[in-house]
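Everything on this sheet refers to the single structure shown next.
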Amino acid sequence: MFQDPLDPNPYSQEYAQKLDEQDELGCYREQFYIKPDSIYLDGNSLGLLSKRAEKTLLEILEAWKTQGIDGWTQGQYPWFYLAEKLAAMSAPLVGASEDEVIVTGSTTTNLHQLVATFYKPQGNRTKILADELNFPSDIYALQSQLKLHGYDPAKYLVQVKSRDGRFLQEEDIISAMTDEIALIILPTVLYRSGQLLDIKRLTAEAHARGILIGFDGCHSVGSIPHSFSEWDVDFAFWCNYKYLNSGPGGTGSLYINRKHFGTSPGLAGWFGTRKDKQFDMEHQFHQAETAGAFQIGTPNILSMAPLIGSLELFTEANIEKLRQKSLHITQYFMDLIERELDGMGFMIGNPREDERRGGHISLEHRDAARICKALKEEQHIVPDFRAPNIIRLEPIPLYTTYCDVWETVQRLKTVMTEKQYEKFDNTRDVVA
Ligand SMILES: *Cc1c(COP(=O)(O)O)cnc(C)c1O
Numbered sequence: 001m002f003q004d005p006l007d008p009n010p011y012s013q014e015y016a017q018k019l020d021e022q023d024e025l026g027c028y029r030e031q032f033y034i035k036p037d038s039i040y041l042d043g044n045s046l047g048l049l050s051k052r053a054e055k056t057l058l059e060i061l062e063a064w065k066t067q068g069i070d071g072w073t074q075g076q077y078p079w080f081y082l083a084e085k086l087a088a089m090s091a092p093l094v095g096a097s098e099d100e101v102i103v104t105g106s107t108t109t110n111l112h113q114l115v116a117t118f119y120k121p122q123g124n125r126t127k128i129l130a131d132e133l134n135f136p137s138d139i140y141a142l143q144s145q146l147k148l149h150g151y152d153p154a155k156y157l158v159q160v161k162s163r164d165g166r167f168l169q170e171e172d173i174i175s176a177m178t179d180e181i182a183l184i185i186l187p188t189v190l191y192r193s194g195q196l197l198d199i200k201r202l203t204a205e206a207h208a209r210g211i212l213i214g215f216d217g218c219h220s221v222g223s224i225p226h227s228f229s230e231w232d233v234d235f236a237f238w239c240n241y242k243y244l245n246s247g248p249g250g251t252g253s254l255y256i257n258r259k260h261f262g263t264s265p266g267l268a269g270w271f272g273t274r275k276d277k278q279f280d281m282e283h284q285f286h287q288a289e290t291a292g293a294f295q296i297g298t299p300n301i302l303s304m305a306p307l308i309g310s311l312e313l314f315t316e317a318n319i320e321k322l323r324q325k326s327l328h329i330t331q332y333f334m335d336l337i338e339r340e341l342d343g344m345g346f347m348i349g350n351p352r353e354d355e356r357r358g359g360h361i362s363l364e365h366r367d368a369a370r371i372c373k374a375l376k377e378e379q380h381i382v383p384d385f386r387a388p389n390i391i392r393l394e395p396i397p398l399y400t401t402y403c404d405v406w407e408t409v410q411r412l413k414t415v416m417t418e419k420q421y422e423k424f425d426n427t428r429d430v431v432a
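FYI, my numbering numbers position 418 of the sequence shown as 418, with every residue one higher than the one before it.
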């Protein structure tokens, strides 16, 4: 832990206050709506609303109110170009050029689009490689895409096994890259354990074997910097409502490496055409020469509007600095947990090395479900629970303070020492 020679006790509340005073990102907290007296550590599931996001949502509503159909081409944010504008703002977060990103669809529908586009079984190369720890929606999408091709997912979807139920070994993934694999889909950061995969290495290994590879960036975009273009990743997709604070059900995003710009979208629609041709209303598809080609229908303008304001904050704060704080505050969190909660049955289940972890702490406990309930109801702390035994805790660098983290550990200690969790069932709620 960072040691200040003037303060011998890095576990004190004063020390947390000192860290907050030194935090140059501390100024962004007032941008967010945070329930007073509550500590929100669930920005990895749904980011909080910022004043800036609220403002751009209201501006877009105003354009609708006052301009009607003309909002498509007029006003501060003409809707016809909004997906491209947001793409330009997102591109630095993923290390891409503006035209390689588009804001469209949802994580799952974008995955369907990408698999429909890039999965081209040929000869012996017919299988899709994924992993056994990925988010279920991704797996459902892959299974159904295989069925559309007449393939039995039980045989054609290869899921790399985890040795310990937490992590994936890059070597195991690479060994599974056989000459039967046509396409690889992996998460950048695993949603439970927070493991960050070596995207660059996996991409190079896939390409050395002639396999296309795409990544689900739901748990990394807005949390860590990426260099998708430099790493030569074929494609990626992610949601904007977690770390990017765009609101519940906010529109998703995708990245297409420019070398694939000519590829026909598997699922085509009129928003995938060149913008100057779209309103010619011809039946011939004039494909956009950008990632925009992979859009399908009319963008969900109201679900994209908050992202404008939110991405302004990311542009100002800078993703490298956000990552620095995230690594520091999570390390601080882990140090406090190990010291204050020792012997209470907790285990830190995320990787410890900075280059192997995302932004959340994965705290395992056999009573995790009811500890989460007690934290929320008795202590006004919002964590999230992932079955069967994980408490996810994410300090968000834009709005979580070091004092929040210090306080969380104290309250967690109270939940345990006073056995407050015993009042609750150890089962998950409908939405966990
Ligand atoms: C959040 C998340 C999703 C959600 O997909 P939606 O289509 O936005 O509902 C999918 N995959 C991963 C890995 C996620 O973390």
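All C-beta atoms, glycine included, are put in the ideal place defined by N, C-alpha and C.
In this text, all values refer to a predicted model and were calculated from it rather than measured experimentally.
| query | result |
| --- | --- |
| Contiguous beta strand (DSSP E) assignments of at least 3 residues, all confined to the stretch 106-143 | 127-131 |
| Thr66 versus Ala53: straight-line alpha-carbon distance, rounded | 20 Å |
| beta-carbon Cys239 near ligand 1 non-hydrogen atom, thresh 7 Å | yes |
| Heavy atom of ligand 1 within 7 Å of Gly214 beta-carbon | no |
| Distance CB(Cys372)-CB(Phe385) smaller than 8 Å | yes |
| Between the CA atoms of Ile296 and Gly269 - distance to the nearest angstrom | 4 Å |
| For Ile434: DSSP bridge partner residues | Only positions 1 to 432 of the chain appear in the structure, and residue 434 is not among them; the question remains open. |
| The stretch 343-358 in contact with the stretch 251-267 per 3-pair CB rule at 8 Å | no |
| Rounded straight-line distance, which links the Cα of Phe424 to that of Leu196 | 33 Å |
| Residue of Ile128, Ser326, Thr108 minimising C-alpha distance to Asp23 | Ser326 |
| Secondary structure of Thr315, DSSP reduced to three states | helix |
| Residues of its chain near Val189, where Cβ-Cβ distance is below 6 Å and the 5 sequence neighbours each way are ignored | Leu196, His219, Ser220, Gly358 |
| Straight-line gap, Asp164 to Pro136 (C-alpha atoms, nearest Å) | 19 Å |
| Contact the stretch 299-307 vs the stretch 69-85: 3+ CB pairs below 8 Å | yes |
| Beta-carbon contacts of Ala432 that lie in its chain and below 6 Å, excluding the five residues immediately before and after | Phe385 |
| Cβ-based neighbour list, Glu340, same chain, cut-off 6 Å, excluding 5 preceding and 5 following | Val409, Lys413 |
| 8 Å Cβ cutoff met for Tyr332 and Val405 | yes |
| Same chain only: Cβ atoms within 6 Å of Pro299, ignoring 5 sequence neighbours per side | Ala83 |
| Whether Ile174 touches Glu132 by CB criterion (8 Å) | no |
| Pro219 CB to nearest heavy atom of ligand 1 below 7 Å | For the sequence presented, residue 219 should be read as His rather than Pro. Under cutoff, so the answer is yes. |
| Start-to-end residues for the beta strand (DSSP E) that takes in Asp216 | 212-216 |
| Delimiting residues of the beta strand (DSSP E) encompassing Phe235 | 235-238 |
| At least 3 beta-carbon pairs within less than 8 Å: the stretch 154-168 vs the stretch 313-325 | no |
| Element boundaries [beta strand (DSSP E), containing Ser253] | 253-256 |
| Beta-carbon proximity of Ile94 to Gly217, cut-off 8 Å | The sequence as given places Val at residue 94; Ile does not occur at that position. For Val94 and Gly217, yes; Cβs fall inside 8 Å. |
| Counted within 10 angstroms of its Cβ, other Cβ atoms place Ile181 as buried (16 or more) or exposed | buried |
| Collapsed DSSP secondary structure at Pro10 in the structure displayed | coil |
| Rounded straight-line distance, which links the Cα of Asn245 to that of Gly75 | 24 Å |
| At least three beta-carbon pairs within less than 8 Å, the stretch 137-150 to the stretch 111-127 | yes |
| Inside the stretch 171-199 only - beta strand (DSSP E) runs reaching at least 3 residues | 181-187 |
| Cut-off 7 Å between Cβ atoms - residues of its own chain near His365, not counting five sequence neighbours on either side | Gly345, Phe346, Ile371, Asn389, Ile391 |
| Pick from Asn318, Ala208, Thr56, Ile199 that is closest to Gly222, judged by C-alpha positions | Asn318 |
| Other residues of its chain near Leu398: CB distance less than 6 Å, five sequence neighbours each side excluded | Tyr28 |
| Length of the line joining the Cα atoms of Phe285 and Arg209 | 33 Å |
| For Ile329 and Asn44, the rounded distance between their alpha carbons | 15 Å |
| Exposure of Asp429, with buried meaning 16 or more beta-carbon neighbours within 10 Å | exposed |
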